[in-house]
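**Student:** Using my numbering, the first residue of the sequence shown is number 1, and each one after it goes up by one.
Where a beta carbon is used, it is the ideal one built from N, C-alpha and C, also for glycine.
Before I ask anything, let me first share the structure, which is written out below as structure tokens.
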Amino acid sequence: MQREEFPGWHGTTIIGVRKGGEVVIAGDGQVSLGQTVIKGSARKVRRLSPGGFDVVAGFAGSTADAFTLLERLEAKLEASPGQLQRASVELAKDWRTDKYLQKLEAMLIVTDGQDLYVITGAGDVLEPEHDVTAIGSGGNFALAAARAMMDSDKSAEEVARAAMAIAADICVYTNGNLTVESISR
């Protein structure tokens, strides 16, 4: 069976919030196939430590594809220690030009505690304008909710958790089983 014949896989809402010297990436745990929840406790936010340099990454899309991209990002970070922007741009270039990588269906949010980026297969490395970014099935719901809370006195983690709770209430492909990783510089 070819990939196009499978019913729609849906999974993941990932949010990145930078506030008060801290960056938080949070992701839900739901993976759905069509209208069926396949797993409710998937872990789609990871801490990477290539060469002792901490990076937090969250992914949306195909899990196998995302792990391939995370491995490539780690290799880029090992080649350019402490340079998340450079590693992200190099990964995006490879993703855009390599025929094997072009077929990967995933997106990443990455941070080193200072910089916050979304990396896409279209060759984009995007830094959010308002210190909040989100991807995945419920990403737009989480993004809108977080943006509305950024002027409050909530911490980055409180904003991320509240925004994810709102997304879980609205998006049928998002649940409240969160993985949250925080990093600061």
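(1) Need the endpoints of the alpha helix (DSSP H) that Ser-88 sits in, please.
(2) What ranges does the beta strand (DSSP E) occupy inside the stretch 98 to 167, keeping only unbroken runs of at least 3 residues that lie completely in it?
(3) Counting only beta-carbon separations shorter than 7 Å, does Gly-51 have a partner in chain D?
(4) Given this structure, state the Cα-to-Cα distance separating Arg-46 from Glu-181, to the nearest angstrom.
(5) Straight-line CA distance for Thr-174 to Met-149?
(6) With a CB to CB cut of under 6 Å and the five nearest residues on each side skipped, what residues in its chain are close to Gly-188?
(7) By Cβ distance below 6 Å, which residues in the same chain neighbour Gly-113 in space, the five residues on each side in sequence not counted?
(8) So what does Val-23 bridge to, in DSSP terms?
(9) Any idea if Asp-232 is buried or exposed, counting beta-carbon neighbours within 10 angstroms, 16 or more meaning buried?
(10) Do you know offhand how far Arg-96's Cα is from Glu-105's?
**Tutor:** Let's see:
(1) 84 to 97
(2) Within the stretch 98 to 167, complete beta strand (DSSP E) segments of at least 3 residues are found at 106 to 111, 116 to 119 and 132 to 136, given in chain order.
(3) The question asks about chain D, but that chain is absent: this structure has only one protein chain.
(4) Our two residues, Arg-46 and Glu-181, have alpha carbons roughly 8 Å apart in a direct line.
(5) 20 Å
(6) Coverage of the chain is limited to positions 1 through 185, which leaves residue 188 absent and any answer about it impossible.
(7) Val-23, Ile-183, Ser-184 and Arg-185
(8) Arg-18 and Ile-183
(9) As shown, the chain starts at 1 and ends at 185. That puts residue 232 outside it, with no answer to give.
(10) If you take the alpha carbons of Arg-96 and Glu-105, they lie about 12 Å apart.
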